[in-house]
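Counting from 6, one number per residue, gives the positions in the sequence shown under the numbering used here. C-beta atoms are modelled at their ideal positions from N, C-alpha and C, and glycine is treated no differently. Read through the structure below, which is laid out as structure tokens, and then see the notes.
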Amino acid sequence: MEVKLARMSLLMTDGSPKRPYGVVEDVLVQINNLRFLADFVVLEMEENEEIPIILGRSFMKTAKVIINVDEGTIALNDQEEEVIFNALNTGQQIQGKKTSPKAVIKDSPGTSTKAEG
6 MEVKLARMSL LMTDGSPKRP YGVVEDVLVQ INNLRFLADF VVLEMEENEE IPIILGRSFM
66 KTAKVIINVD EGTIALNDQE EEVIFNALNT GQQIQGKKTS PKAVIKDSPG TSTKAEG
């Protein structure tokens, strides 16, 4: 994977500014049986499994995400399959194959990084 230079500054939720190392493009993200390509901004931060990786609007468009506030569901779609999660209980998948709602980010063949999603 190649980290490309990113000319941007990010404002974190605590108000502190951060300069990213760069951007990694076309990373394979797997959520259950669904697979998507996504771009990631690379930041230096402490590892903490309690802090989720936020996949932004461009990923939501790619994954054809549908958020139904009335029913409290989030649906992800690819060409062949749809997975629906209960948005009020992130550990509960209500349709599709029953697995944990974690994303697996494929670094390269044989390696992966898990992220809450």
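CA-CA distance, residue i and residue j?
| i | j | result |
| --- | --- | --- |
| Val-8 | Phe-45 | 9 Å |
| Ser-14 | Met-50 | 15 Å |
| Met-17 | Ala-43 | 21 Å |
| Phe-41 | Arg-12 | 25 Å |
| Leu-10 | Lys-23 | 14 Å |
| Asp-83 | Tyr-26 | 30 Å |
| Ser-63 | Ala-80 | 15 Å |
| Leu-39 | Ala-68 | 9 Å |
| Val-74 | Lys-66 | 17 Å |
| Arg-85 | Gly-20 | Residue identity differs from the one stated: residue 85 is Glu in this sequence, not Arg. For Glu-85 and Gly-20, the distance between alpha carbons rounds to 41 Å. |
| Glu-76 | Asn-53 | 31 Å |
Would you check if the distance between the CB atom of residue i and the CB atom of residue j is smaller than 8 Å?
| i | j | result |
| --- | --- | --- |
| Val-88 | Ile-36 | yes |
| Val-32 | Val-47 | no |
| Asn-94 | Thr-78 | no |
Tell me which same chain residues have a C-beta within less than 6 Å of the C-beta of residue i, skipping the five on either side of it?
| i | result |
| --- | --- |
| Ser-113 | Residue placement at Ser-113 is poorly supported in this model, since its pLDDT is 48, which falls under 50; the coordinates still yield a value, given next. If we look at Ser-113 and ignore the five residues flanking it on each side, it has no Cβ neighbours. |
| Ile-72 | Ile-79 |
Less than 7 Å separating the Cβ of residue i from some heavy atom of the ligand NAP?
| i | result |
| --- | --- |
| Phe-90 | Ligands are entirely absent from the displayed structure, and the ligand NAP is therefore not among its contents. |
*Return the chain-ordered ranges of every beta strand (DSSP E) run that is complete within the stretch 22–59 and spans a minimum of 3 residues.*
List check, beta strand (DSSP E) in window: 27–36, 39–47.
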